[in-house]
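Below you'll find the structure, written out as structure tokens, and then a few comments.
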Amino acid sequence: MGRYDVTDDERRGGLAVWAPSVMPPLGIDPTDEQKLALAFRILADTGFSENMAGHITWQRRGDDDLLVNPWGLWWDELAASDICTVNLNAEVVDGKWDVTPAIHIHTELH
Numbered sequence: 005m006g007r008y009d010v011t012d013d014e015r016r017g018g019l020a021v022w023a024p025s026v027m028p029p030l031g032i033d034p035t036d037e038q039k040l041a042l043a044f045r046i047l048a049d050t051g052f053s054e055n056m057a058g059h060i061t062w063q064r065r066g067d068d069d070l071l072v073n074p075w076g077l078w079w080d081e082l083a084a085s086d087i088c089t090v091n092l093n094a095e096v097v098d099g100k101w102d103v104t105p106a107i108h109i110h111t112e113l114h
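At the far end of the sequence shown sits residue 114, using the numbering used here, and the numbering has no gaps.
Here's what the structure looks like:
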């Protein structure tokens, strides 16, 4: 090794020194509903939710149904149990809430 050759361990500096080299597992595999609710809360935390009108849909691979946030709940309030499932006819097939009437835009796109 020459004078200016450094190893990867020597190159680490700043905050990287304090970061774990391997991310520990959560211990569980979150459900799709949990992942979507978490995404809403992250988006709300970063300022992407102006009001209760916004919605995001998630179509699972190989499934015709869509996961969607309910109408009238703030994004930072969402829990996995609030996530609704709608079919391609925009009918709620699972969930305890109504969804936005604009859901038809998403059912046409998916």
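We put the CB at the ideal spot given by N, CA and C, even for glycine.
From a predicted model like this one, the values you see are computed outputs, not experimental measurements.
Ordered along the chain, which non-local residues of its own chain (more than five positions away) have a Cβ less than 6 Å from that of L92? D68 and T111
Which stretch, first to last residue, makes up the alpha helix (DSSP H) that contains L40? D36 to D49
Would you grab the beta carbon distance between D86 and R45 for me? Rounded to a whole angstrom, and I think it's under 8 Å. Actually they are not in contact, since the Cβ atoms of D86 and R45 sit about 11 Å apart, beyond 8 Å.
Compute the beta-carbon to beta-carbon distance between L71 and L40, rounded to the nearest angstrom, for a pair I have assumed lies under 8 Å. 5 Å
Assuming T104 contacts H59 (C-beta within less than 8 Å), just tell me the rounded distance between them. 5 Å
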